[in-house]
Amino acid sequence: MSDEARDIVGDYRYGFHDEDKSIIRFDNGLSEQIVRDISAIKNEPEWMTDIRVKAYHHFVEREMPKWGNPEILNDIDFEAITYFLRSTDATEDDWKDVPEDIQNTFDKVGLREAENTWLGGITAQYDSEAVYHSIREDLESQGVIFLDMDSGLREHPELVKKYFGKVVPHSDNKFAALNTAVWSGGSFLYIPKGVHVEMPVQAYFRINAENMGQFERTLILADEGSSVHYIEGCTAPSYASTALHSAVVELIAMDGAKIRYSTIQNWSNNVLNLVTKRAHAMKNSTVEWIDSNIGSGLTMKYPAILLKGEGSHAEVVSVAYAGENQHQDTGAKVHHLAANTTSNIVSKSISKDGGRSTYRGLLQVTPKAHNCRSKIVCDALMLDQDSRSDTYPTMEIGNSSADLEHEASVSKVSGDQLFYLMSRGFNEQEAMGLIVNGFFDPFTRELPSDYAVEMNKLLNIKMEGSIG
Amino acid sequence: MSHPPRAKHLWRYTPWPRIRPQEGVPTADKIVFTVNENIDLESGAPRVVLESDIARVFLSEIGGSSHTLHIDGDVGLVHIQARASGHVVAGHLHIECKGKSTVILHLTGEADWSGLYVSGEVSDNCKLAYGFVNELSNDCKLLHCEDWLVGRDATMEIAALSVGGFRSKSDIRTTLSGGGSTLKQAITVHGLGARHIDNHIEIDHKVANCFSKLVINSACAGSSRSIATGLLKVAKGANGTDAGQVFRNLLLSDKARADSIPELEVLADEVKAAHGAASAPVNPEQVHYLMSRGISPQHAEALIVEGFLIDAFSCLDDLDLKNVLATRMTVHLECELMR
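Keeping their order, the protein sequence lines are chains R and X.
Okay, so the first sequence: first residue is 2 according to this note's numbering, each after it adds one.
Okay, so the second sequence: first residue is 61 according to this note's numbering, each after it adds one.
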């Protein structure tokens with residue numbers, strides 16, 4: 002890592018990078034031709050090329066958002082970004098066939114170990130495309146389809162055509178349009194009726210090259226009565242220049258299905274993380290976003306759930322850590338569109354060393370959504386006087402039977418709590434670590450145990466130096 | 061000035077074209093202010109304009125009447141009647157409090173469009189309890205802005221009762237600029253018919269050791285809509301801040317709507333800042349309880365609504381202010397019940 006990069010990203014554990022050995026790398030910059038070239042190089046059907054081109058024109062015309070962090074957004078130089086880079090010839094299903102340096106990278110981030118012990122399937126994406134993919138045979142035999150998105154489009158074009166862009170249309174926002182124009186990689190997951198995927202499946206997204214844009218597209222379909230837990234993790238090298246990550250994730254939970262989508266976002270601070278994540282929940286289904294944002298310079302992410310079917314349920318547990326040079330603008334959106342729907346949102350954030358954390362949320366109850374219930378809790382911890390915490394919740398209530406609660410608080414770690422722990426023999430640093438881990442407990446207890454342990458370690462590293 | 065974008069909460073629900081009287085800047089007639097016999101209203105008021113806010117610039121340019129009320133010493137209860145009659149009317153009232161007083165501003169009349177700007181300053185160690193009652197006729201439109209400055213160890217209480225008008229937008233901003241200052245603010249909204257009531261409240265903790273509490277209770281019937289947006293700002297270095305905001309909505313019909321946006325911007329760490337928002341229908345158990353005591357369902361609901369709305373004033377200390385507004389609320393609800 003260069004000194005300049007270290008100044009920007011600080012002490013970041015995953016800041017190493019491999020030598021760029023890409024076999025195809027497009028010139029920096031974006032044009033209709035680049036969009037068409039991406040589609041051509043993937044041999045996509047014409048309808049997908051048309052969607053990409055349409056989305057590109059929408060991206061060009063669409064204004065940059067005026068909220069969030071307009072200063073950083075307006076500084077993005079879209080012409081300095083590489084929109085497509087291919088690192089390997091194919092997506093392999095045996096690690097032996099993956100280039101050694103890429104293997105080593107995924108070893109270092111702990112992915113291969115997790116695959117061997119408790120994951121049901123895995124997709125490892127390196128820059129623009131997946132380099133490795135696997136799924137347990139027993140899942141495959143039950144009809145579970147788990148592919149990288151490019152393979153999904155090739156092998157199941159009818160399913161992709163039916164659902165692609167139906168949850169997040171390209172016209173949704175500027176970055177959804179950008180993603181739709183230049184998407185590459187991501188996951189395609191289909192769970193057949195009644196199938197319960199007991200072991201989580203995971204995608205890991207790694208940016209390696211400098212000035213890279215990663216635009217993966219994920220589509221998860223859980224058919225009636227099925228269930229799945231999908232986990233995504235992400236890291237990137239520490240460069241002085243800015244990288245852009247702009248993903249779109251679409252989830253559809255059919256009647257009685259359950260999707261849990263967990264994210265551990267740990268990009269380096271030079272990455273701008275501007276993603277759109279949204280789910281449709283049908284009758285009696287459940288969608289859960291378990292979302293952590295520890296890394297990146299700027300994250301703007303508001304996982305959304307449209308409760309379209311009667312009796313459906315939404316759950317969002319979101320934690321954010323904003324350290325030096327970080328702005329975590331995160332939140333959740335829940336739209337109650339049908340009767341007897343329920344939602345629960347818990348948001349926790351910590352601001353430290355001048356970091357800024359923002360909760361931005363929307364809770365909407367439409368006139369037809371009778372007997373809805375919702376509870377939102379936002380708590381923020383401020384660890385020093387240079388930091389900042391904002392809360393921008395919106396509640397739009399259009400039905401008189403709705404029962405809604407929202408509460409938020411901003412405070413610092415209580416001296417009494419520190420004193421109590423220190424009187425039991427912990428030093429100040431350890432006491433602070435325990436309090437912070439406890440603060441994030443609603444999130445970590447929703448994770449598989451290995452991830453929870455890793456998350457706590459990560460937080461302890463982030464908290465180093467927070468005392469004295 | 062160009063129209064403010066709807067991306068900002070301030071203008072999302074009541075866009076500028078829906079609340080201005082007409083295109084351009086008309087010349088307004090005067091709102092007529094009258095006050096207790098023993099008090100004088102001085103003609104003219106200091107021009108205080110927040111250049112970035114279109115509503116304040118508009119109210120400053122449109123003309124109308126302007127008066128200043130000086131409070132020196134313990135003045136007691138002051139009633140100010142503001143009469144809005146005509147097509148487009150406007151007025152500016154400035155209050156300089158260098159003592160202690162309770163001031164109630166009653167806005168009445170049947171003007172098509174009223175623009176009211178109230179500004180004021182509570183000097184160090186002084187106390188002002190201020191109440192605003194919107195009693196305009198049912199087809200009036202109101203644009204209403206207030207700016208308050210609260211000095212060191214001063215106390216300001218603000219209460220607002222909105223029971224009149226067809227469409228109103230209120231933007232009340234208070235700056236706690238002196239250490240140890242206190243603000244208690246209570247707003248009640250009773251939406252009937254197709255009323256549209258938009259309240260935007262900003263409280264700015266500029267310095268350390270200040271206290272603020274805001275309670276907004278809205279009860280909406282018919283196809284009315286209540287919008288409450290709040291922004292609580294705690295400036296860098298404003299340690300020892302203790303600030304809380306509570307937004308409650310009671311929806312009384314299927315077509316009523318309520319939107320709540322309680323925002324926090326905190327740049328200091330030694331603070332207690334919290335907000336809460338809740339929305340629920342009338343509890344059927346409460347209605348059942350009252351009916352079992354021989355009260356009709358309509359009266360039972362009216363009692364519950366009255367209790368809910370008046371509860372907002374419980375955060376205030378000034379008895380005159382609480383009594384006047386609670387009485388006015390009760391009269392309003394009884395009139396509605398008899399219709």
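Backbone N, C-alpha and C define an ideal beta-carbon position, used for all residues, glycine too.
Proximity of residue i and residue j at Cβ, strictly below 8 Å
| i | j | result |
| --- | --- | --- |
| Val249 of chain R | Arg207 of chain R | no |
| Leu179 of chain R | Ser247 of chain R | yes |
| Leu119 of chain X | Cys205 of chain X | yes |
| Ala1 of chain R | Leu252 of chain R | Since the first and last residues shown for chain R are 2 and 469, residue 1 of chain R lies out of range. |
| Ser350 of chain R | Ala305 of chain R | no |
| Met255 of chain R | Glu289 of chain R | no |
| Ala328 of chain X | Lys296 of chain X | yes |
| Ser1 of chain R | Ala177 of chain R | Past the boundaries of the shown model lies residue 1 of chain R; chain R is included only from 2 to 469, so the question cannot be answered. |
| Gly136 of chain X | Ser161 of chain X | yes |
| Gly211 of chain X | Gly238 of chain X | yes |
| Val145 of chain R | Val61 of chain R | no |
| Ile295 of chain R | Val318 of chain R | no |
| Ala362 of chain X | Met351 of chain X | no |
| Asp151 of chain R | Gly186 of chain R | yes |
| Leu422 of chain R | Leu435 of chain R | yes |
| Cys270 of chain X | Gly240 of chain X | yes |
Integer Cβ distance of residue i from residue j, believed to fall under 8 Å
| i | j | result |
| --- | --- | --- |
| Phe368 of chain X | Ala386 of chain X | So it is not a contact: roughly 12 Å between Cβ atoms. |
| Thr264 of chain R | Glu233 of chain R | 5 Å |
| Ala105 of chain X | His154 of chain X | 4 Å |
| Lys309 of chain R | Ala339 of chain R | 6 Å |
| Gly300 of chain X | Glu330 of chain X | 6 Å |
| Phe27 of chain R | Thr83 of chain R | 6 Å |
| His171 of chain R | Lys353 of chain R | Actually they do not touch by this definition, with Cβ atoms about 37 Å apart. |
| Ala470 of chain R | Ser358 of chain R | Beyond the ends of chain R as shown, which are 2 and 469, falls residue 470 of chain R; an answer cannot be given. |
| Ser283 of chain X | Ala316 of chain X | 7 Å |
| Ile79 of chain X | Arg285 of chain X | In fact, because the Cβ distance is near 13 Å, the residues do not count as touching under 8 Å. |
| Ala403 of chain R | Cys379 of chain R | That belief does not hold up - the Cβ atoms of Ala403 of chain R and Cys379 of chain R are roughly 19 Å apart, past 8 Å. |
| Ser126 of chain X | Gly146 of chain X | About 17 Å; that fails the 8 Å criterion. |
Where residue i meets chain R, residues with beta-carbon distance less than 8 Å
| i | result |
| --- | --- |
| Val331 of chain X | Met383, Val411, Ser412 and Lys413 |
| Asp314 of chain X | Pro368, Asn400 and Ser401 |
| Ala340 of chain X | Ala403, Asp404 and Leu405 |
CB contact below 8 Å: residue i versus chain R
| i | result |
| --- | --- |
| Pro357 of chain X | no |
| Glu345 of chain X | no |
| Ala337 of chain X | yes |
| Ser283 of chain X | no |
| Asn277 of chain X | no |
| Glu361 of chain X | no |
| Trp76 of chain X | no |
| Leu385 of chain X | no |
| Leu311 of chain X | yes |
Closer than 9 Å at the beta carbon, the chain X residues around residue i
| i | result |
| --- | --- |
| Gln386 of chain R | Lys296, Gly297, Asn299, Leu327, Ala328, Asp329 and Glu330 |
| Arg63 of chain R | Correct list: empty, because the minimum Cβ distance to chain X is about 13 Å. |
CB contact check: residue i to chain X, cutoff 8 Å
| i | result |
| --- | --- |
| Pro394 of chain R | yes |
| Gly469 of chain R | Low confidence applies here, because Gly469 of chain R scores a pLDDT of 33, under 50, leaving its location unreliable and the question unanswered by this model. |
| Pro368 of chain R | yes |
| His407 of chain R | yes |
| Asp173 of chain R | no |
| Asp404 of chain R | yes |
| Lys334 of chain R | no |
| Ser319 of chain R | no |
| Phe165 of chain R | no |
| Asp391 of chain R | yes |
| Met2 of chain R | Residue confidence is low: Met2 of chain R scores 48 on pLDDT, short of 50, so the model does not pin down where it sits. No coordinate-derived value is stated. |
| Val10 of chain R | A caution first: Val10 of chain R carries a pLDDT of 48, below 50, which makes its placement in the model unreliable, though a value can still be read off. It does not: the Cβ of Val10 of chain R has no partner Cβ on chain X nearer than 8 Å. |
Interface residues of chain X facing residue i [CB-CB closer than 7 Å]
| i | result |
| --- | --- |
| Gly399 of chain R | Arg317 |
Partners in chain R for residue i, counting only beta-carbon separations shorter than 7 Å
| i | result |
| --- | --- |
| Ser320 of chain X | Met396 |
| Glu323 of chain X | Thr392 and Tyr393 |
Closer than 8 Å at the beta carbon, the chain X residues around residue i
| i | result |
| --- | --- |
| Lys349 of chain R | What Lys349 of chain R touches in chain X: nothing, since even the nearest Cβ is about 15 Å away. |
Partners in chain R for residue i, counting only beta-carbon separations shorter than 9 Å
| i | result |
| --- | --- |
| Ala334 of chain X | Glu408, Ala409, Ser410, Val411 and Ser412 |
Contact with chain A by residue i, beta-carbon distance below 8 Å
| i | result |
| --- | --- |
| Tyr84 of chain R | No chain A is part of this structure, whose protein chains are labelled R and X. |
### Query
Going along the chain, which residues of the region 257 to 274 of chain X sit with their C-beta nearer than 8 Å to a C-beta in chain R?
none
### Near-chain R residues of the region 195 to 211 of chain X (beta-carbon distance less than 7 Å), N- to C-terminal order
none
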